[in-house]
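Colleague: Taking the numbering used here, the leading residue of the sequence shown gets 494, the next gets one more, and so forth.
Glycine included, C-beta positions come from ideal geometry on N, C-alpha and C.
My questions will all concern the structure given below.
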Amino acid sequence: KMGMSLSEYVVTEAGFGFDLGAEKFLDIKCVSAGIEPQAAVLVATVRALKYHGEVAVKDLKEPNPEAVKEGLPNLEKHIENMLKFNVCPVVAINKFATDTEDELNIILHRCKELGIKAAVADVWGKGGAGTEDLARIVAQVAGECVSKFAPMYEWSWPIEKKIETVARKIYGASAIDYTPQAKKDLKTIETLGLSGLPVCIAKTQESLSDNPKLLGRPKNFIVTVRRIEIATGAGFVIPITGNIMRMPGLPQIPSAELIDIDDNGVITGFS
Numbered sequence: 494k495m496g497m498s499l500s501e502y503v504v505t506e507a508g509f510g511f512d513l514g515a516e517k518f519l520d521i522k523c524v525s526a527g528i529e530p531q532a533a534v535l536v537a538t539v540r541a542l543k544y545h546g547e548v549a550v551k552d553l554k555e556p557n558p559e560a561v562k563e564g565l566p567n568l569e570k571h572i573e574n575m576l577k578f579n580v581c582p583v584v585a586i587n588k589f590a591t592d593t594e595d596e597l598n599i600i601l602h603r604c605k606e607l608g609i610k611a612a613v614a615d616v617w618g619k620g621g622a623g624t625e626d627l628a629r630i631v632a633q634v635a636g637e638c639v640s641k642f643a644p645m646y647e648w649s650w651p652i653e654k655k656i657e658t659v660a661r662k663i664y665g666a667s668a669i670d671y672t673p674q675a676k677k678d679l680k681t682i683e684t685l686g687l688s689g690l691p692v693c694i695a696k697t698q699e700s701l702s703d704n705p706k707l708l709g710r711p712k713n714f715i716v717t718v719r720r721i722e723i724a725t726g727a728g729f730v731i732p733i734t735g736n737i738m739r740m741p742g743l744p745q746i747p748s749a750e751l752i753d754i755d756d757n758g759v760i761t762g763f764s
């Protein structure tokens, strides 16, 4: 709010995956703070779409336009999710040196077909100058957007209904299952009078489902809630799905472990 009082534009990062960070930002932070975003930027990469097109991680740097096409349904689902909140979307394609023009154009063309503004952001290669086109589009969309922001659920709903709403509408689940521990946790939450708290669902970022092996746009899957933790200080409950490492949000081998400096002061591992 301080930023909004001092600047024409305020940009905040909501975390990876619209199904994760952005859903929480919109359903928890925006509702809690009473703010309505004018635009939302979905960051996509050629590599990620090839991954969802079932290309092995070791081959993601190899040109493969067909795999990009196969991965597009994943991007389309994220765009659909943005529109469900009635926010004005922009797609930013985070370009890397291994991306080809054919691969980038496939994404741009699909966004145009969907009526979504998109731009290639070459931050990796050009720094801030590589984002100027994106910045202009975001400013345009934010300026023209008439906000009709609507959260996915009401905080007053029962915990189960809030979980089901997010799982079905955002993840695309067909059903939700609760372990005996999760059912016990639900009763505890109700007994403590905390059913009015929002849900901050912990889920893998590698799939729209709670199973990291289900790539692309999975359908007919069941989300299993293993347990539900209460974070009264933060003001939400945490339904935990799948077997994940919640914090820190890093890969098994963080990039920091690859950075080194030799006896001559030469630093390696930044690229």
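Considering only residues of the same chain and omitting the five flanking positions on each side of residue 655, which have a CB-CB separation below 6 Å?
Modeller: Working through the sequence shown from its first residue, we reach residue 655 at position 162. Here the set comprises 646 and 692.
Colleague: Nearest-angstrom Cα distance between residue 695 and residue 757?
Modeller: Within the sequence shown, the letter at position 202 stands for residue 695. Within the sequence shown, the letter at position 264 stands for residue 757. Distance between the alpha carbons of residue 695 and residue 757: 44 Å.
Colleague: Helix, strand or coil for residue 587, going by three-state DSSP, please let me know.
Modeller: As a first step, residue 587 must be located in the sequence shown, where it is residue number 94. Looking at residue 587 - three-state DSSP - the assignment turns out to be strand.
Colleague: By the 10 Å Cβ neighbour count, where 16 or more other Cβ atoms means buried, how is residue 700 classified, buried or exposed?
Modeller: The residue given as residue 700 occupies position 207 in the sequence shown. With a threshold of 16 other beta carbon atoms within 10 Å, residue 700 meets it and is buried.
Colleague: Drop a sphere of 10 angstroms on the beta-carbon of residue 728, count the other beta-carbons inside from all chains shown, and report buried for 16 or more, exposed for fewer.
Modeller: The residue you call residue 728 lines up with position 235 of the sequence shown. It counts as exposed.
Colleague: Just tell me which of 534, 667, 750 and 588 has its CA closest to the CA of residue 710.
Modeller: Indexing the sequence shown from 1 puts residue 710 at position 217. Minimum Cα distance to residue 710 is reached at 667.
Colleague: Comparing C-alpha positions only, which one of 523, 753 and 664 sits nearest to residue 707?
Modeller: Sequence index remark: in the sequence shown, residue 707 carries index 214 (1-based). Ranking the options by Cα distance to residue 707, first place goes to 664.
Colleague: Excluding the 5 residues preceding and the 5 following residue 579 in the sequence, name in chain order all residues of the same chain whose CB lies nearer than 7 Å to its CB.
Modeller: The residue labelled residue 579 in the question sits at position 86 within the sequence shown. Closer than 7 Å at the Cβ level, and outside the excluded window around residue 579, lie 641, 642 and 643.
Colleague: What number of angstroms, rounded off, separates the C-alpha of residue 614 from the C-alpha of residue 630?
Modeller: As a working note, residue 614 is residue 121 in the sequence shown. As a working note, residue 630 is residue 137 in the sequence shown. Approximately 11 Å between the Cα atoms of the pair.
Colleague: Please classify residue 558: does DSSP put it in a helix, a strand, or coil?
Modeller: Translated into positions along the sequence shown, residue 558 becomes position 65. Looking at residue 558 - three-state DSSP - the assignment turns out to be helix.
Colleague: So is residue 657 buried or exposed if we call it buried at 16+ other beta carbons inside 10 Å?
Modeller: Mapped onto the sequence shown, residue 657 falls at position 164. Buried is the call here.
Colleague: To which residues of the same chain is residue 649 closer than 7 Å at the C-beta, ignoring the five residues directly before and after it?
Modeller: Here residue 649 corresponds to residue number 156 of the sequence shown, with the count starting at 1. Taken in chain order, the residues that qualify are 689.
Colleague: Identify the residues that DSSP records as bridge partners of residue 722: which are they?
Modeller: Within the sequence shown, numbered from 1, the residue matching residue 722 stands at position 229. In DSSP, residue 722 forms a bridge with 731.
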